[in-house]
Amino acid sequence: MVSTLFRHIEMIHGNNPWGKILDAGTGINSLSWISQLKSESWTAVTCAINMKADIQQIISARQRPQDRLLLGNWADSDFMVNERFDTVIADYLLGAVDGFVPYWQIPL
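Residue numbering for the sequence shown follows my numbering, starting at 649 and increasing by one per position.
Here's what the structure looks like:
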């Protein structure tokens, strides 16, 4: 079942192409949704090793060769520095960052 938030994103996005998608703070729900979209590719980032393993198990059947699940930290200024995306999903990243790195939402 697609969440209300993701349905709202789809509604706002309309018929525009998704292109290359970045899920900047991925989780099982967001990546399950993103993996069903008609995109060129998706890149999903988590900073939690256990989360990456859990997601990999669930999503592996839908992961295409061009899709990536990365372990990374946005506080690292060199992380993905030359990457470009058409669509960025950052719902969890922006909402939960205060619990991991207090006062870092504005610079992010």
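The beta carbon of each residue, even a glycine, is placed where N, CA and C say it ideally should be. From a predicted model like this one, the values you see are computed outputs, not experimental measurements.
In or out: residue i buried (at least 16 other Cβ within 10 Å) or exposed?
{"i": "Thr694", "result": "buried"}
{"i": "Leu679", "result": "buried"}
{"i": "Ile706", "result": "exposed"}
{"i": "Ala701", "result": "exposed"}
{"i": "Thr735", "result": "buried"}
{"i": "Ala709", "result": "exposed"}
{"i": "Phe654", "result": "buried"}
- Could you pull out every unbroken beta strand (DSSP E) segment of at least 3 residues lying fully inside the stretch 651-733, listed in chain order? 668-671, 689-694, 716-719
- Are the stretch 710-723 and the stretch 669-683 touching, with three or more C-beta to C-beta distances below 8 Å? yes
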